[in-house]
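Numbering (this note's numbering), first residue to last: 164 to 243.
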Amino acid sequence: MKTLPQALFWLGLISVPFAWLVWYLGPDLEVLRPVLAGIEDPALRTALQEAHAERLGIWISVWPVSFLVLSHILEKKMQG
């Protein structure tokens, strides 16, 4: 049962560089293509892609804190 806190701890550590990658590569992700395909102005499309990448990176950057706190709570509960 001690594997769950360890798994949450490692997920927390791994999600930090994952958030950086999503933030950096976000404008080029294929997920954005259908949403922004109808925008004909290239400057507006680029600005919206960058803004969406920032929001997605911020959303993923909340994960490390959540995973690490859950890991800590579960470890304390298992110790007694």
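Glycine residues also receive a C-beta, built at the ideal position from the N, C-alpha and C atoms. On a predicted model such as this, the values are computed, not experimentally measured, just so you know.
| Query | Result |
| --- | --- |
| Helix or strand or just coil, what does DSSP make of residue 216? | helix |
| Hey, could you find the ends of the alpha helix (DSSP H) residue 189 is sitting in? | Unbroken run through residue 189: none, as it is neither H nor E. |
| Inspect the beta-carbon positions of residue 216 and residue 175 and report whether they are closer than 8 Å. | no |
| Assuming residue 180 contacts residue 237 under a Cβ cut-off of 8 Å, what Cβ separation, rounded to an integer in Å, is found between them? | Between residue 237 and residue 180 the Cβ distance is about 23 Å, and since that is not below 8 Å, they are no contact. |
| To which residues of the same chain is residue 178 closer than 6 Å at the C-beta, ignoring the five residues directly before and after it? | 226 and 227 |
| Does the distance from the CB of residue 173 to the CB of residue 220 come in under 8 Å? | no |
| Secondary structure at residue 200, three-state DSSP: helix, strand or coil? | coil |
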